[in-house]
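Novice: This structure is in structure tokens; I'll ask about it shortly.
In the UniProt record's numbering, the protein residues as written are 1 to 93.
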């Protein structure tokens, strides 16, 4: 495991934790009370929702949005889009 952090001046942090088959990135904007977290996991037994619940508690988040993006296998709906496509998630900022 490796961790990388960068402190912004006057405030804010970006942190990245690299795991064997996963990673977590956290970007903070304390001046507006916003944190963006990405959790990427591999394997059949990973449970990223548990990490999300933990981070919601740690950061005392009043509001949160959890978006799940399955990767590695194309669903029938995605296969219909062809070989190359761009999906845009809704913005919650």
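Glycine is no exception: its CB is placed at the ideal position from the N, C-alpha and C atoms. Since the model is a prediction, treat every value here as computed from it, not as a measurement.
1. To which residues does DSSP link residue 37 through a beta bridge?
2. Less than 9 Å between the beta carbons of residue 24 and residue 13, yes or no?
3. Where residue 27 and residue 71 are concerned, what is the direct C-alpha to C-alpha distance, given to the nearest angstrom?
4. With DSSP collapsed to three states, give me the class of residue 2.
5. When we look at the beta-carbon of residue 32 and count the other beta-carbons within 10 Å, is it buried (16 or more) or exposed?
6. Assign residue 79 to one of three DSSP states: helix, strand, or coil.
Specialist: If we stick to the structure as given:
1. Residue 37 pairs with 26.
2. By the CB criterion at 9 Å, residue 24 and residue 13 fall outside the cutoff.
3. So the alpha carbons of these two residues sit roughly 22 Å apart.
4. DSSP, read as helix, strand or coil, puts residue 2 in strand.
5. Residue 32 should be labelled exposed.
6. Residue 79 falls in the helix class under three-state DSSP.
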